[in-house]
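Visitor: Residue numbers for the sequence shown, in UniProt numbering: 1 to 129.
Think of the CB as a built atom: it goes at the ideal place given N, C-alpha and C, for glycine as much as any other residue.
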Amino acid sequence: MSEKEAKTADQKTILLVDDDTEIVETMRFALEGNGYRVLVARDGNQGLALAERDDPDLIVLDMMMPKRSGFLVLEKLRQTNRVPTKVIMVTGNEGNRHKAYAEMLGVDDYIRKPFPMDRLLEAVRKVLG
Numbered sequence: 001m002s003e004k005e006a007k008t009a010d011q012k013t014i015l016l017v018d019d020d021t022e023i024v025e026t027m028r029f030a031l032e033g034n035g036y037r038v039l040v041a042r043d044g045n046q047g048l049a050l051a052e053r054d055d056p057d058l059i060v061l062d063m064m065m066p067k068r069s070g071f072l073v074l075e076k077l078r079q080t081n082r083v084p085t086k087v088i089m090v091t092g093n094e095g096n097r098h099k100a101y102a103e104m105l106g107v108d109d110y111i112r113k114p115f116p117m118d119r120l121l122e123a124v125r126k127v128l129g
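#1: Beta-carbon within less than 8 Å of E94's beta-carbon, same chain only, minus the 5 sequence neighbours each way: which residues are those?
#2: Report the option in E103, D20, R97 and I88 whose CA atom is closest to the CA atom of D57.
#3: Pull up the CB-CB distance for D43 and D19, whole angstroms please, since I reckon it's below 8 Å.
#4: Looking only at its own chain, which residues have a Cβ that is under 7 Å from the Cβ of P66, when we skip the five neighbours before and after it?
#5: In the DSSP assignment, find the beta strand (DSSP E) that holds K67 and state where it starts and stops.
#6: Quick one: give me the first and last residue of the alpha helix (DSSP H) that Y101 is part of.
#7: Would you say M63 reaches chain B, if we count a Cβ-Cβ gap shorter than 8 Å as a contact?
#8: I'd like to check one pair, L31 with V40: are the Cβ atoms closer than 8 Å?
#9: Just to confirm my understanding: we take G92, look at its own chain, exclude 5 residues before and 5 after, and list those with CB closer than 6 Å. What are they?
#10: Between the Cα of K86 and the Cα atoms of E25, G106 and F115, which residue gives the shortest distance?
#11: Assuming contact is defined by CB atoms lying nearer than 8 Å, are I59 and A51 in contact in what I supplied?
#12: So, for Y110: in the same chain, excluding its five sequence neighbours on each side, which residues have a beta-carbon less than 6 Å away from its beta-carbon?
#13: What are the boundary residues of the alpha helix (DSSP H) that includes T26?
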């Protein structure tokens with residue numbers, strides 16, 4: 001196995017599911033700059049399809065999206081995956097009810113927008129170990 005293949009084999013894959021292009025590109029830039037492989041879905045349905053196809057190590061999931069909300073994506077992931085996928089939920093929502101529900105569904109971290117990229121990178125490192 002070449003050095004490049006070895007690097008790719010242990011490279012963690014992160015799926016970003018968010019409809020905000022600016023936020024997605026900022027997160028992608030920061031994550032790829034830290035050595036992660038990044039996949040992008042623009043809505044919840046696309047996010048579920050990519051999660052099933054690519055089995056990412058981590059999903060960074062926006063709460064409010066067209067077609068299927070982050071909560072519905074998370075509920076579906078929890079029903080279909082025997083081994084729970086690691087999920088960091090990001091949201092512009094201020095309500096504590098939403099945070100409590102996300103935690104009940106087993107999110108690994110919950111980040112309120114806007115957030116510094118350092119906060120996201122720290123959460124990703126912690127969740128992926």
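Guide: Reading it off the structure:
#1: R112
#2: The option with the nearest alpha carbon to D57 is I88.
#3: 6 Å
#4: D19 and D43
#5: Counting along the chain, K67 falls outside any beta strand (DSSP E), and DSSP gives it neither H nor E.
#6: N96 to M104
#7: Checking the listed chains, one finds no chain B in this structure; it contains a single protein chain.
#8: No, these two residues do not count as a Cβ contact at 8 Å.
#9: Excluding sequence positions up to five before and after G92, its CB lies within less than 6 Å of the CB of K113, all in the same chain and listed in chain order.
#10: G106
#11: yes
#12: M89, K99 and A102
#13: T21 to G33
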